[in-house]
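Asker:
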Amino acid sequence: MSKIACGIDLGGTKLEVGLVDDNGNIIARVKRPTHAHEGPESVIDKINDSIMTALEKSNIKQRDLRGIGIGVPGLIDADMGKVIFLTNLPGWRDIPLAEIMEEKFHIPVKLGNDADAAAYGEYLFGSGRGARNFVYMTVSTGIGGGVIIEGKLYRGASSGAAEIGHVVIDVHGEKCNCGNYGCFEALASGTAIARFAKRAIDRGRHSLIEELSGDEPIKAEHVFEAAGQGDRLALDIIDEEAFYLGIGICNIMAMYNPERIAIGGGVSNQWDMFYHKMMETVRDRALKQNAKVCRVIKAELGTDAGVVGAAALII
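As numbered in full-length UniProt numbering, residues 1 to 315 make up the sequence shown, in order.
#1: Would you say the region 193-209 touches the region 139-148, given that touching needs at least three Cβ pairs under 8 Å?
#2: Which value, in whole angstroms, describes the spacing of the CA atoms of Ser-42 and Pro-73?
#3: Please specify which runs of the alpha helix (DSSP H), each continuous and at least 4 residues long, are wholly inside the region 101-162, giving them in chain order.
#4: Identify the continuous alpha helix (DSSP H) that holds Leu-307 and give its terminal residues.
#5: In chain order, what residues of the same chain lie with their CB nearer than 8 Å to the CB of Val-282, ignoring the 5 residues before and after it?
#6: Roughly how far, in whole angstroms, is the beta-carbon of Phe-125 from the beta-carbon of Leu-301, given that I think they are within contact range, below 8 Å?
#7: Check whether the Cβ atoms of Cys-183 and Val-167 lie closer than 8 Å to each other.
#8: With three or more C-beta pairs closer than 8 Å as the rule, is the region 257-272 touching the region 132-143?
#9: Would you tell me roughly how many angstroms separate the C-alpha atoms of Ile-238 and Asn-59, rounded to the nearest one?
#10: Which of helix, strand or coil does DSSP assign to Asp-77?
#11: Give the range of the alpha helix (DSSP H) segment to which Ala-286 is assigned.
#12: Can you name the residues that DSSP bridges to Arg-29?
#13: Are the region 87-105 and the region 270-284 touching, with three or more C-beta to C-beta distances below 8 Å?
#14: Who are the near neighbours of Arg-235 in its chain, counting only those whose CB is closer than 7 Å to its CB and skipping five residues on each side?
#15: Is the beta carbon of Ala-112 sitting closer than 8 Å to the one on Glu-99?
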């Protein structure tokens, strides 16, 4: 059989391991809680154990693995295979993850920022197939992205390129978790949608959102559900979301001049609710020459993007 790549999507709350063939098909997968509070050594042990479990489930031998790709949610040095810092995983500072795992499995290990990895997976096996210049953006809790330029993943000078979520689109805007103000992420992420809804309700706006959220904190899903039932506040917030997404896309077109931009992440599941308004903003404000050659589409890999993208670093 052809060699199989192992893709690992490492997150603050869960980790997922998948065995992926040359066509981007997931042959076997293992999901488990990360238990990040237990520290790097424990998490690495869970990764290693999950790889072995996936091999057992699929009857694939360790010798048939061509390499391991890991999508990491934070700052890395891809060339050195080192995790520099992870916000949501305590204790992860200057961890030579690739070296540790190469000593364990004796095959190549490559690290990538999780959004970069997902972008590369979409480029090879999903919404980016056939494009030479392609941008993937994920819109969920935050906003991230990855850029393919002339068929190659662009990482920048220190593996920090394409931090799309931290492009400033309103200098007087909301404070972002990064410490800056008016970032794309602070205005157009799922977290931002929920924050705008809560703020309006706290100020006295009546909305179905309150009823749908019940005793839970308000989430973006509640806002979209209320909008689907015609709730005025929810519809206003979704329109604002679509506007900010459009502004962000205009900036991406200006910076990278791609032929395709794909949007993934949880917010993309509500595509029909924001697409047309978003594209109105793009038509009104984008550089005409760049917009003319660029299609804005929904990403294809969905929740598989992390694992397939990590494996794509090897494939």
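Just so you know, even glycine gets a beta-carbon here, dropped at the ideal spot from N, CA and C.
Answerer: By the coordinates alone:
#1: In short, these stretches do not touch, since the Cβ pair count stays below three.
#2: Going by the C-alpha atoms only, they are around 17 Å apart.
#3: Counting only runs of 4 or more, we get 114-125.
#4: First, the amino acid is wrong: residue 307 is Val here, not Leu. It spans 305-312 - the alpha helix (DSSP H) in which Val-307 sits, taken as one unbroken run.
#5: Only Gly-246, Ile-249, Cys-250, Met-253, Ala-291, Val-296 meet the Cβ criterion.
#6: Taking 8 Å as the upper bound for CB-CB distance, Phe-125 and Leu-301 are in contact here, some 7 Å apart.
#7: With contacts defined as CB atoms closer than 8 Å, Cys-183 and Val-167 qualify as a contacting pair.
#8: Contact holds: three or more Cβ-Cβ distances are below 8 Å.
#9: In this model, Ile-238 and Asn-59 are separated by some 47 Å (Cα to Cα).
#10: For Asp-77, the three-state secondary structure derived from DSSP is strand.
#11: Bounds of any alpha helix (DSSP H) do not take in Ala-286, whose DSSP letter is neither H nor E.
#12: By DSSP's assignment, Arg-29 forms a beta bridge with Gly-18.
#13: At 8 Å Cβ cutoff, the stretches do not touch.
#14: According to the sequence provided, residue 235 is Leu. The question's Arg does not apply to it. Counting only Cβ-Cβ distances below 7 Å, and skipping sequence neighbours, we find Ala-227.
#15: Strictly speaking, residue 112 in this sequence is Gly, with Ala absent from that position. Going by C-beta atoms, Gly-112 is not nearer than 8 Å to Glu-99.
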